[in-house]
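Written below as structure tokens is the structure these notes are about.
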Amino acid sequence: ILSRDKAGDVDGHFTLFVHPEGNFYVRYQKMLSATTSLEYLICTTPFPPDEWHHLAINFGEGPLELFVDGRRAPFEGQLAGLPRLCGDGNPEYGIDGAPGVPWTLGADASCLGCPEPVNQYLRGAIDELRISKVRRDFDL
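All residue numbers for the sequence shown refer to the working numbering, where the first residue is 544 and numbers rise by one.
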């Protein structure tokens, strides 16, 4: 759905996508230190197909949060390979990593060695997109 990602780089990877199993996923990747493994924050929640949905994401100062139709994704999250609830923790970083990597709308741009620079195209439509510098309250 929305991606600012590039295989081979470490900081600032951000991807919002629809998994074939029927879940929305938001994934953010950050290097813990110059020598430490990568940190992955993942939120996921199922959704009814063939319907319009409102998606919202909070990140930056405060926890990573995915909202689908006004409800925070309660499902799963992951931090450095350990199970973790989405919305826990306080990752105080945004998506300012991956300098020079463009935003990709309607596809994923993270595939290393793919014949095309983008893949996993969205099968649907995007009605509106807004990116803000501040966190929002998306609860119903």
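Using N, Cα and C, we set each Cβ at its ideal position, and we do this for glycine too.
Within its own chain, the residues whose Cβ lies closer than 6 Å to the Cβ of Asp-548, once the five positions on either side in sequence are excluded, are His-556, Thr-558, Ala-652, Ser-653, listed in chain order. DSSP, reduced to helix, strand and coil, places Ile-600 within a strand of the structure shown. For Gln-663, the CB contacts under 7 Å within the same chain, skipping 5 residues up- and downstream, are Phe-560, Ala-650, Asp-651 in chain order.
By the Cβ neighbour-count rule, Ser-675 is exposed, with fewer than 16 other Cβ atoms within 10 Å of its own.
Gly-613 is positioned such that its CB atom lies no closer than 8 Å to that of His-596.
Here Gly-565 has Pro-589, Phe-590, Pro-592 as same chain residues with Cβ atoms under 8 Å from its own Cβ, once five neighbours each way along the sequence are excluded. Scanning its chain for C-beta atoms nearer than 8 Å, with the 5 sequence neighbours on each side dropped, one finds around Trp-646 the residues Leu-545, Ser-546, Arg-547, in chain order.
The C-alpha of Ile-669 is placed about 19 Å away from the C-alpha of Thr-587.
The straight-line gap separating the alpha-carbon atoms of Val-677 and Arg-666 is approximately 29 Å.
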